[in-house]
Amino acid sequence: MAFSQALAADPPTPAWSPTTSAAEDPAATAQAKADAKAKTIDQAKADAKAKTIDKNLRAQGYKPINDNGTVRYCRNEQQLGSRFQRPVCGTPEELGIAAQIGKEATETMQRVNGSQRTCPTGTC
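Just so you know, we're using the numbering used here here: the sequence shown kicks off at 46 and counts up by one.
What follows is the structure, encoded as C-alpha cells:
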C-alpha cells in the first residue's frame, strides 16, 4: 500500500472571521446583544404560552406523559355505548386541532337545526 504525501498550506484568512474580537466591531456587539434580548423575550413568551396550555389541559383532565422526549397529554374517556374507558392521548397541537374541529361541527349542526325550526313562510 502506498501513501501519498500532500503538503497542506494554511487557508487564507477572511477579512472578518468569528475569531475577530468583539472589541474590534462594536456594531456586531450591539447587534448580538439585541438578538440575545429578542431571543430571551421570545423564549419567555413561548414559556408563558406553554404554561397556559398545560394549565388548560390539566383542567380538562389530561395528564402529561413524556413519550420519547415528546410531551403528550392523556386522559381516559368512556366509549360510546360501552362502560369501558379508553385512553385518549395527543400533543397539545393535536388536541387543540381536535377541539377546534369538534367546536366547528357543533356550530354547523346548531346552524342546520336552527334553520329548520323557522318557517320559511312565517305562518307557523
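A virtual CB, placed ideally from N, CA and C, is assigned to each residue, including glycine.
Just so it is clear, the structure is predicted and the values come from calculations on it, not from any experiment.
- A check of alpha carbon separations from ARG120 across GLN130, ASN113, ASP80 and THR97 identifies GLN130 as the nearest.
- In the structure shown, the three-state DSSP call for GLY135 is strand.
- Less than 7 Å divides the Cβ of TYR118 from the Cβ of PRO109.
- Here the alpha carbons of LEU102 and ALA93 stand approximately 14 Å from one another.
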